[in-house]
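If you read the sequence shown in our numbering, its first letter stands for residue 91, the second for the next number, and so on.
Every residue gets a Cβ at the ideal spot worked out from N, C-alpha and C, and that includes glycine.
Heads up, the thing below is written out as structure tokens.
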Amino acid sequence: MSDGEPRRLIYGRQRGPKLKPGQRRRLETQLPALAVPLPPGGGRLVPASLHAPGTGALWLEIGFGAGEHLAWQAEHHPSATHLGVEPYLNGVAALLGRVAARELDNVRICVDDARLLLAALPDGALERVHVLFPDPWPKRRHHKRRLVNRRSVAEMARTLVPGGELRLASDDPDYVTWMLAALRAEPRLSWRARRAADWRERPPDWPATRYEAKARAAGRTCVFLRFVRRREEREAENAGVGR
Ligand SMILES: C[S@@+](CC[C@H](N)C(=O)[O-])C[C@H]1O[C@@H](n2cnc3c(N)ncnc32)[C@H](O)[C@@H]1O
């Protein structure tokens, strides 16, 4: 990506096989009340406008696919607002179906490019960020399409509150190496792994997604990464400030 403001760059599908009438109906009737539109002209969102009534923390899931993980987290963490960003309309309709079935009132949805949403979020707005199985774009000439890179990691670090957590998963070894390089180069983040099981095993409060199930069925190994946004003193220490 070039320097300056991120542009809307959505490489995957925005529509899959034709939307079924039920999916279209959900998008028309249910989505408007939950939608988080991006402010025009690259402005910042006001955090209070994002929170569902009665909730405190704001969690973000980037590229939620069919929304099974987001809906599970919303059900198990009702005191947080669960904001999902996903440009794929069939996936948005699938999440809306889960929201209705479980009567969830703490979900918000941004149908757009995650990079634009991140740029619109104020510093420290998020307590959690989830990026589960982002498209790996394995060909070298497509690496620039990867959602996780130094710039987006810096945005995730900026928008996380100190002590907040960033969770990522992938089944593509090359993308895992690429993500780790970007994550470990970001001074505001610290990797929580202390032993191999920490990245080989998915914690119990992290349900499997559809993509993970597909990867396992195909015999691929999945990697689970958990980083924490450092508290300010540690940042200053690492940067050698005050020595
Ligand atoms: C491989 S799928 C994984 C879906 C889901 N997280 C899972 O684990 O099943 C990647 C998802 O990222 C979404 N995606 C692609 N580009 C995106 C972007 N710029 N912003 C937000 N989501 C994006 C895709 O539409 C797709 O749903």
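Query: Proximity of T299 and P263 at Cβ, strictly below 9 Å; Result: no
Query: Length of the line joining the Cα atoms of L256 and D213; Result: 15 Å
Query: Contact test: F154 Cβ vs ligand 1 heavy atom, cutoff 8 Å; Result: yes
Query: Beta-carbon proximity check, I152 vs V197, cutoff 9 Å; Result: no
Query: Assigned secondary structure, A191 (DSSP; H/G/I helix, E/B strand, else coil); Result: helix
Query: For G144 and R230, the rounded distance between their alpha carbons; Result: 46 Å
Query: Anticipated Cβ contact below 8 Å, W388 with F317, distance rounded; Result: This structure does not reach residue 388, given that the chain is present from 91 up to 333, and the question cannot be answered.
Query: Residue ranges of each beta strand (DSSP E) within the region 290-324, 3 or longer; Result: 313-319
Query: Selection from G131, V126, A123, L222 that minimises the alpha carbon distance to A305; Result: L222
Query: N-terminal and C-terminal residue of the alpha helix (DSSP H) that E165 is part of; Result: 158-166
Query: Endpoints, the alpha helix (DSSP H) within which R248 is located; Result: 240-249
Query: Cβ separation of A191 and R116, assumed to be a contact under 8 Å, to the nearest whole Å; Result: Not a contact, Cβ separation roughly 11 Å.
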